[in-house]
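In this text, residue positions in the sequence shown follow my numbering: the first is 746, and each later residue adds one.
Here a beta-carbon is modelled for each residue, glycine too, at the ideal position from N, C-alpha and C.
Below: one structure, written as structure tokens.
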Amino acid sequence: MSSEMINDSYYFGFEGEPQITFIYENLNDKYELRLWNGYFETLLNCMFEQFTDRSGILHEYSIYEGWYEESPWEITKIEEAIQLFKSFDATKLTEDKVKISNNIIATLPALASDITIFLEQATINGNRVCIVYE
746 MSSEMINDSY YFGFEGEPQI TFIYENLNDK YELRLWNGYF ETLLNCMFEQ
796 FTDRSGILHE YSIYEGWYEE SPWEITKIEE AIQLFKSFDA TKLTEDKVKI
846 SNNIIATLPA LASDITIFLE QATINGNRVC IVYE
């Protein structure tokens, strides 16, 4: 019997708004991390401020492809994505960025950490991870 494990705490209260879902499956279970697209896009925008390497997920986001164009979209470089989200540091954001979306920015460190943990758990057993844009 298979089961679904869904964490939708980053989408709660935003029902009906665009949603990003990280998904991985094994033989018995399906795991999902659902986020409001506004959180995810703000996180990626902030990462542009911190990182000069625009490969992987940042590249797909910058050219508006990847999960926007092909859903589900597989993260082929999971280790790179783990390092990206693990390296996010909200204390390094510019004052202007913080003022623009202060209440969203406060959520981003926990979100980056939860995405990292999700991706790490997926890689433990060699599971593929996809992003679905709805």
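Using a Cβ-Cβ distance cut-off of 8 Å, the segment 769-781 and the segment 822-841 are not in contact, since fewer than three pairs of beta carbons, one from each stretch, lie closer than that value. When E805, F830 and A826 are compared, the shortest CA-CA separation from R873 is found for A826. In this structure, the CA atom of E760 is about 24 Å from the CA atom of E770. Taking L853 as reference, the option from T797, E815 and F833 with the minimal CA-CA separation is F833.
One alpha carbon belongs to W781, the other to Q764, and they sit about 5 Å apart. Here Y755 has L778, R779, L780, W781, Y784, T852, L856 and D859 as same chain residues with Cβ atoms under 8 Å from its own Cβ, once five neighbours each way along the sequence are excluded. In the three-state DSSP reduction, E825 falls in the helix class (H, G or I). Looking from the CA of I849, the closest CA among I808, N790 and A867 belongs to N790. DSSP assignment within the segment 793-877 yields the following whole alpha helix (DSSP H) runs of 4 residues or more, N-terminal first: 801-807, 823-831, 840-845, 847-850 and 853-869. Our two residues, Q795 and T868, have alpha carbons roughly 25 Å apart in a direct line. Classified as exposed, I808 has fewer than 16 neighbouring CB atoms from the shown chains inside 10 Å of its CB. The DSSP-derived three-state label of E879 is coil. In the DSSP annotation of this structure, the continuous segment of the beta strand (DSSP E) that includes Y776 starts and ends at D774 to W781.
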